[in-house]
Amino acid sequence: MTSLPEEVLHALCPMHAVLSPTGHIVQAGPTLHKLSGRRLENARFLEVFEIYRPRAVTDMAGLRAAQGRKLHLRLRDGVRTALKGVVVGTGGGGAVVNLSFGIAVVDAVRDYALTSTDFAPTDLAIEMLYLVEAKSAAMDASRSLNTRLQGAMVAAEERAFTDTLTGLRNRRALDTVLDRISRQGRAYALMHLDLDFFKAVNDTYGHAAGDHVLRHAARIMLEESRKDDTVARVGGDEFMIVFANLTRMPRIAEIAGRMIERIERPVDWGTTKCRISTSIGIAISEGEGLSPTEIMDRADTALYASKRAGRAQFRFYGSDVADAPAALRGAE
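This is the structure in structure tokens:
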């Protein structure tokens, strides 16, 4: 058959088959066993493999006659991955067939779960496998990097639009929202809130207490507004809320009244209680073409009307109702 020891052929040609003169497999490499999923010894080579080029190879005589030619073949059972082969006679009518995958190596690695140990150390398929793995790793790294970059951009944008103390939107976010709503021609209400007596809390109990009160007031504003409304801190103790597509004065008055009532409740700070209130000015845009700056000026005017009237109340811009809170709470 062959004078080469079995372990040498296994190491150099892990996809070889040694054939007897009758075409039976006398010895097969470990990778060939892995492809077939069974022991190949004593099986007829041409019953295990189909040679589809050259078509004349249908028996052992034809196989020996194809010595030196490239064979195109595949397993008759299981995954029919394309294989390449070459046959060399051994004398006495026997032969050695050595197989490879050619350009189908990537599919074979996937189909048969092959690793580098299933190939000869000098097989160029090893280099191809490394290239495929490197490409896959590079693509994974690229996707991961893109995901991280997108996440970082979103996080950076979120930080740029967020007030760090309260977690509310900031003035930049407010301007962006108002500009978008204005360009879309949508109706909205703008509520401007200023915390009354906040300076006294800071002066009496310190800035930590003041920060606690600000966060408490911010939480109330979020709870009393809708999910899609924009609540923003625009100054030390000033806030603005944009109510998109909400212009009904009785509904807005109801929200303002609840905010005033809740913010007036004493806020615990250690063993003491901090007391503040809030004054509110409200301007409504019905999509009449006023700029966000003009609407903010109107809300600011209404806010100071509330403060002049005694604080802890709200006013609508342009309203000539003497007691706006009482009148509007009862209107529906």
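When you number the sequence shown by the UniProt record's numbering, it's gap-free, plus one each residue, and the end is 332. Heads up, the beta-carbon is just placed ideally off N, CA and C, and yes, glycines get one too.
With a threshold of 16 other CB atoms inside 10 Å of the CB of residue 354, please say whether the residue is buried or exposed.
The requested residue 354 does not occur in the structure, where the chain is confined to residues 1 to 332.
Which residues does DSSP list as the beta-bridge partners of D194?
E238 and S279
Exposure label - Q313; buried when at least 16 CB within 10 Å:
buried
How close, in whole Å, do the beta carbons of R233 and T176 come, if the pair is a contact with beta carbons under 8 Å?
Their Cβ separation, rounded to whole angstroms, is 15 Å, which puts R233 and T176 out of contact at 8 Å.
CB contact flag (A187, T230, <9 Å)
no
Would you call the CB atoms of L168 and A218 closer than 9 Å?
yes
Check whether the Cβ atoms of G281 and S306 sit closer than 9 Å, and answer yes or no.
yes
Contact belief for I25 with A11 at Cβ below 8 Å, rounded distance in angstroms:
Actually they are not in contact, since the Cβ atoms of I25 and A11 sit about 19 Å apart, beyond 8 Å.
Taking all protein chains shown into account, decide if D123 is buried (16 or more other Cβ within 10 angstroms of its Cβ) or exposed.
buried
Taking 8 Å as the threshold, find out whether the region 247-258 comes into contact with the region 189-197 through three or more Cβ pairs.
yes
Measure the Cβ-Cβ separation of A120 and P30 and say whether it is below 9 Å.
no
Option nearest T293 by Cα separation, candidates R110, M240 and A200
M240
Quick check: the Cα distance between S182 and R143, rounded to an integer number of angstroms?
38 Å
Give the single residue among P266, H216, A17 and E50 whose Cα lies nearest to the Cα of D77.
E50
Span of the beta strand (DSSP E) around A17:
H16 to L19
Per-residue DSSP class, three states only, for N170:
coil
Is K34 helix, strand or coil by DSSP?
helix
Determine the DSSP secondary structure at L114, reduced to helix, strand or coil.
coil
Taking CB distances under 9 Å as the criterion, tell me whether P5 reaches chain D.
This model lacks chain D altogether, as it is built from one protein chain only.
Suppose you measure from the CA of L9 to the CA of H16; what does that come to, to the nearest Å?
7 Å
To which residues of the same chain is R171 closer than 7 Å at the C-beta, ignoring the five residues directly before and after it?
A232 and V234
Taking the alpha-carbon of I284 as reference, which of R148, T117, L195 and I295 has the nearest alpha-carbon?
I295
Would you report the Cα separation of M259 and E224, rounded to the nearest angstrom?
7 Å
Tell me, which residues are paired with I51 by DSSP?
L73
When DSSP labels each residue in this structure, what does Y188 get in the three-state scheme?
strand
In three-state terms, what does DSSP make of T230?
strand
Near E261, which residues of its chain fall below 6 Å by C-beta distance, leaving aside the five closest residues on each side in sequence?
none
In three-state DSSP terms, what is G78?
coil
Between the C-alpha atoms of G37 and A28, what's the straight-line distance to the nearest angstrom?
12 Å
If we ignore side chains and look at the alpha-carbon of each, how far apart do E7 and V87 end up?
19 Å
Measure the alpha-carbon distance for R226 versus R251 and round it to whole angstroms.
12 Å
According to DSSP, A244 sits in a beta bridge with which residue or residues?
Y188
With H, G and I counted as helix, E and B as strand and the rest as coil, what does DSSP make of M296?
helix
What's the C-alpha gap between A56 and T147?
56 Å
Quick one: what does DSSP say I103 is sitting in, helix, strand or coil?
helix
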